[in-house]
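Here's what the structure looks like:
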């Protein structure tokens, strides 16, 4: 999609490519999460970071090839069941699990690891 966007008018007028990280667990969050523990959610969240790394590298390569700077924005961690943002109904037990996960010190460390990955791949400017 990024290449298609930049191909419009040869990217004329573009100075910067802005991306977001979509910080979320590997594979999304669905009803299978009901029996999980916060530690299991954190493990899946960490796996999601490694999957995102290749996407971030690809976006950086596109920006470099187009002679553009790149910036990263993350509005918050995606610990929300799939479809809820689009108007779907939340499952109470999963919501409680995600809230409990988000309160753990281990989750803070996992989020910091995501942010470190973005800095490693994109720089810190």
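Numbering (our numbering), first residue to last: 291 to 415. Ideal Cβ placement from N, Cα and C applies to all residues, glycine included.
Q. Is the distance from the Cβ of residue 360 to the Cβ of residue 296 below 8 Å?
A. no
Q) For residue 360, does the three-state DSSP call read helix, strand or coil? A) strand
**Q.** Cβ distance (whole Å) where residue 403 is taken to contact residue 327 below 8 Å
**A.** With 8 Å as the limit, residue 403 and residue 327 do not qualify as a contact, their Cβ atoms being about 19 Å apart.
Q: Can you have a look at residue 323 and say buried or exposed, based on whether 16 or more other CB atoms are within 10 angstroms of its CB?
A: buried
Q.
Check for me: the beta strand (DSSP E) holding residue 327 runs from which residue to which?
A. No beta strand (DSSP E) contains residue 327, which DSSP labels as neither H nor E.
Q.
Taking 7 Å as the limit between beta carbons, can you name the residues of its chain near residue 407, skipping five residues before and five after?
A. 339 and 343
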